[in-house]
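A.B. asks:
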Amino acid sequence: MALETLDRPLRYFLCIAELGSLSKAADLLDQTQSSVSKQLAGLEATLGAPLFVRTGRGVVLTEMGARLHETLRPLYRDIDAAIDEARRHSHTHGTVRLASVHTLSYYFTAEVVARFASAHPQVNLALLGRSSPDVVALVDSGKADLGFVYDVAVDVGTVISEPLFQNEMALVTRRDKPTMPGAPLRLVGFPPNYALRRMLHSSGIEATYVAEAETVDTMLQLVASGVGDCILPSRIPPQRLAEYALCQQPLESPPLRRWVVAIRRADRPLPALAQRFLACAMQVASGLRRDEKE
């Protein structure tokens, strides 16, 4: 067996040795047992000695197999770690894991993703739409590289937040039955643990909550059906509201604005690709801030 073809059988050997079973190794490697056996047989032929002894419960290493396993295991661990490290710092390949609150997907996150994907076609983007507390938890636990969230949700000392842009809220009502100024508000809202709901509570806006929903589309459907109004960012595209025959009204007393921020872990550097993604987000956010001033 040529040296350049040894990597696969050696990795199969390590997997069999770790699991003590050909069948379990085949399942983990997503191969047939006969394919794994063939690779092992070829390796044993190359070395001129058996590496395993079959038992009633699986396989155990021979003396040569044990020596080979002891030598190979740290080597391959270092090889795999080096490859992972190289990928982490790669500017062209890899994965960016982003967690974002649901409302931003309608007008901010989608534009950032589109720009970034156009400039980095080989990069995989893992997008997680969550509630504000869940976004913070995903970033804090390391399961997401970056998070987009309202600043009121960031109360964890282990994350750093960077301001992106301000979000002004608006009242969303039916076009044919707009809510009159000063009339009691009957709202469809996010659940109490969501940042937008907490934001409304702390603002002093008096309202009766008649229904709760976890997604923007569900809220819009409920408003369209006449259940009540809802309060959402004024940047929700008008065409999206038009699909449900809805419109926006400004919130006069009090006006409601909150910062959208990007968050990341404070105790570890961002991978190179995530840094580029954040830079792209900052560019898009800068455009939104300019629009506010014009």
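For our numbering, count along the sequence shown from 1 and bump the result up by 3. A virtual CB, placed ideally from N, CA and C, is assigned to each residue, including glycine.
1. When DSSP labels each residue in this structure, what does Pro-258 get in the three-state scheme?
2. From Thr-35 to Ala-29, what does the alpha carbon distance come to, in whole angstroms?
3. Does the distance from the C-beta atom of Gly-97 to that of Leu-276 stay below 8 angstroms?
4. Can you tell me where the alpha helix (DSSP H) holding Ile-19 begins and where it ends?
5. For Asp-33, count neighbouring C-beta atoms within 10 Å of its own C-beta (all shown protein chains included) and say buried if the count is 16 or more, exposed if not.
6. For the putative contact between Val-104 and Tyr-153, defined by C-beta atoms under 8 angstroms, what is the C-beta separation to the nearest angstrom?
7. Would you kindly report the start and end of the unbroken alpha helix (DSSP H) that includes Gln-36?
8. Determine the burial state of Asp-137: buried for a count of at least 16 other Cβ atoms within 10 Å of its Cβ, exposed for fewer.
9. Can you list, in chain order, the residues of its chain whose CB lies under 6 angstroms from that of Phe-119, leaving out five sequence neighbours each side?
10. From the DSSP secondary-structure annotation, give me the bridge partner or partners of Phe-280.
11. Look at the Cβ atom of Tyr-79, then the Cβ atom of Arg-238, and state whether they are nearer than 8 angstroms.
12. Would a C-beta distance cut-off of 8 angstroms place Ile-82 and Phe-55 closer than the cut-off?
13. So the alpha helix (DSSP H) Phe-119 belongs to, where does it begin and stop?
14. Three-state secondary structure (DSSP) at Met-172?
C.D. replies: Reading it off the structure:
1. Pro-258 falls in the coil class under three-state DSSP.
2. In a straight line, the C-alpha of Thr-35 is about 6 angstroms away from that of Ala-29.
3. In this structure, Gly-97 sits near Leu-276, with a CB-CB distance shorter than 8 angstroms.
4. Taken as a continuous stretch (DSSP letters only), the alpha helix (DSSP H) holding Ile-19 covers 10 to 22.
5. Result: exposed.
6. Contact flag correct, Cβ pair sits at about 7 angstroms.
7. From DSSP, the alpha helix (DSSP H) with Gln-36 extends over 36 to 50.
8. Flag for Asp-137 reads buried.
9. If we look at Phe-119 and ignore the five residues flanking it on each side, its Cβ neighbours are Phe-280, Cys-283.
10. In the DSSP output, where bridge partners are listed per residue, Phe-280 has none listed.
11. For Tyr-79 and Arg-238, no; Cβs fall outside 8 angstroms.
12. It is not a contact, given that the beta carbons lie outside the stated cut-off.
13. Bounds of the alpha helix (DSSP H) holding Phe-119 are 112 to 122.
14. Of the three classes helix, strand and coil, the one that applies to Met-172 here is strand, per DSSP.
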